[in-house]
Amino acid sequence: MTRQLALLGSAVCLALSAGAAGAVDLPTRKAGLWEMKMVRTGGPMPEMTMQHCTDETTDKDMNTSVGPAAKQACSKQDIQKTATGYVSDSVCGAAGVTVTSHSEIIGDFSSAYTVKTTSHVEGGSSGARDTSATIEAKWLGACKADQKPGDIIMPGGMKMNVKDMEKLKGLIPKLQK
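Residues -23 to -1, 1 to 154 in mature numbering (1 follows the signal peptide of the UniProt record, and there is no 0) are what the sequence shown lists, from first letter to last.
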């Protein structure tokens, strides 16, 4: 169950990052299959690599559907364009945990991009801690024949679709109990 929560949390985190970034009209990613490698330090999550099949509509839908949830959970969410990409600063909270984050996003969104995030976490069972995460994404080509836009293939082969995030919103409070 802990591993499932960690994987679910990663997927939600990725979606929230995409939703937050969409507020400043980041370019949509090139349609097709993206490999996303996430490396975290300062927390219990291991390195993981997942694949995400996307198209222009799915990227825009992710931004639209996640944006309101992020606005509700975040007291600060500033994103600015820079000479090399984008910078984001946010303060978000849920269930007694506050996360203050700084992210730098660089890349062209058609072949590769990188998101580097540093966070300070307050509250929860672990108390205060600092974490960092890097997401390295690269375009692999067309989605596979058995994939549809929105599919995320997690480590171990578990498949979920970001279009089902509305269903997951109701599941998260149940999993926290």
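Think of the CB as a built atom: it goes at the ideal place given N, C-alpha and C, for glycine as much as any other residue.
*asked:* Is the beta carbon of valine 139 closer than 8 Å to that of isoleucine 129?
replied: yes
*How would you write the range of the beta strand (DSSP E) that alanine 114 sits in, first residue to last?*
106 to 118
*Counting Cβ pairs, one atom from each stretch, are 3 or more of them under 8 Å apart for the segment 118 to 125 and the segment 88 to 99?*
no
_Straight-line Cα distance separating lysine 7 from threonine 34_ = 11 Å
*Roughly how many angstroms separate the alpha carbons of threonine 77 and glycine 134, rounded to a whole number?*
32 Å
*Sort Met13, Pro21 and Asp38 by Cα distance to proline 126 and report the nearest one.*
Asp38
*asked:* For glycine 70, tell me which candidate among Ile56, Ala50 and Met137 has the shortest Cα-Cα distance.
replied: Ala50
*Hey, would you say methionine 27 sits closer than 8 Å to proline 132, going by beta carbons?*
yes
*Give me the Cα-Cα distance between leucine 117 and leucine 3, rounded to the nearest whole angstrom.*
20 Å
*asked:* glycine 101 and valine 74 - do their beta-carbons sit closer together than 8 Å?
replied: yes
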